[in-house]
Amino acid sequence: MRYNRLVITFLGLFLLTAIGCKQHEPQQTDDSNMALGNPSNASKSILNADNYLIDHKYYIESYNRDKAEPNWVSWHLCGKDLGATDRLNNFRPDETLPDGWYEVDNNSYKRSGFDKGHNCPSGDRTSSTDANSATFLMDNIIPQAPNNNQHTWEHLESYCRNKLKRGNEVYVIMGVYGSGGTGRNGFATTIDKGRINVPAHIWKVVVVLPEGNDDLNRIDENTQVIAIDTPNDNNISNNWMNYTCTVKSIEDSTGYNLLSALPQQVQDVLENKKFTGGN
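According to the working numbering, the sequence shown is numbered sequentially starting from 1.
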């Protein structure tokens, strides 16, 4: 009898653990922030510290503990995400990181010559104070060359938001790779006494489709895709169109499997398209 009770107890604990984990896994559903897939198979295991999955509700990311920055960030953008909330500028550490992990704070970038560059932009989350505030968590931030951040990148972010005015919604994945960028103070591979990696390249993939439902099934070979790969360099051109590329070239540089939630035949077409402009 005692043996049976022990077996039942262990089974119960196992089921509770399994159910608990399941409830906290981000779901790849319509309008979800990771609907296009998990590019690096990031997970919530602390054993996977350099590919650690974090769901911040308003965006999802793969965080790299050793580099103290995200590998990539994924989010969905539609009309309901935009509102009248002002930019909060409340940069702060993410205190939910596992115990013992370094927490980047607002002072970590001080006098570095690099901007605190958003992945998921403040401008994409103006529907509420909670949404906007979430974008200022420091694990959504990278050391970004000022001209890249304030001009090239800002122009692309505005272009994507303008897509919504034409009746569209967009899915975005943004990330970095490599080490070594040129900021206001010159070239650097790290900041904050070596704690934070300065990426060499900053990339973004945008999938645009008309506002609607059942999004994954509506994405096909004719869907508009924008991919850019920029050097993290303060001498960069302001025109983001100068840095358009294919999704495939970003995959080759990063080792990620982007758009992995789509059927393979659709991936093959979209990942080899290069955006040449248009509405």
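Glycine is no exception: its CB is placed at the ideal position from the N, C-alpha and C atoms.
In the three-state reduction of the DSSP assignment, His155 falls in the helix class, which pools H, G and I. Less than 9 Å separates the beta-carbon of Gln144 from that of Gly181. With distances taken between CA atoms, Leu209 lies nearest to Cys160 out of Asn185, Cys160, Ser253, Phe187.
It is roughly 20 Å from the alpha-carbon of Cys245 to the alpha-carbon of Asn234.
Every beta strand (DSSP E) of 3 residues or more that sits fully in the stretch 158-190 is shown, in chain order, as 168-177, 181-183, 186-188. The beta carbons of Arg92 and Met138 sit closer together than 9 Å. For Asn90, the CB contacts under 7 Å within the same chain, skipping 5 residues up- and downstream, are Ser133, Phe136 in chain order. Excluding its 5 nearest sequence neighbours in each direction, Ile54 has C-beta neighbours in its own chain below 6 Å: Glu61, Tyr63, listed in chain order. Close CB contacts of Ile219 within its chain, under the 7 Å cut and outside five residues either way in sequence, are with Val207, Leu209, Leu262, Val266 (chain order).
Residues of the same chain with a CB within less than 7 Å of the CB of Asn279, apart from the 5 flanking positions on each side, are Arg166 in chain order.
Scanning Thr230, Ile250, Ser249, Ser253 for the CA closest to the CA of Tyr243 turns up Thr230.
With contacts defined by Cβ atoms closer than 9 Å, Ser122 and Lys80 do not form a contacting pair. Closest in C-alpha terms to Glu103, from the list Asp192, Gly183, Ser43, Thr85, comes Asp192. When secondary structure is reduced to three states using DSSP, Leu88 falls in the coil class, being assigned neither helix nor strand. In the DSSP assignment, Gln224 falls within the beta strand (DSSP E) that extends over 224-231. Scanning Asn257, Asp124, Ala84, Asn232 for the CA closest to the CA of Gly186 turns up Asn232.
Following the DSSP letters along the chain, one finds Asp55 in no alpha helix (DSSP H) but inside the beta strand (DSSP E) bounded by residues 52-55. A distance below 6 Å between beta-carbons, with the five flanking residues on each side excluded, links Trp240 to the following residues of its chain, in chain order: Thr152, His155, Leu156, Ile228. The C-alpha of Val172 is placed about 7 Å away from the C-alpha of Lys204.
Glu169 and Cys78 do touch by the CB rule: their CB atoms are close to 4 Å apart, below 8 Å. Less than 9 Å divides the Cβ of Asn119 from the Cβ of Val73. Around the beta-carbon of Asp115, 16 or more other beta-carbon atoms lie within 10 Å, marking it buried. Residue state for Tyr243 is assigned as helix, using DSSP reduced to three classes. Bridge pairing for Gln144: Asp115 [DSSP]. DSSP lists Leu53, Trp72 as the beta-bridge partner residues of Ser62. For Val266, the uninterrupted alpha helix (DSSP H) segment begins and ends at 264-270. Take the alpha-carbon of Gly183 and the one of Asp214: they are about 42 Å apart.
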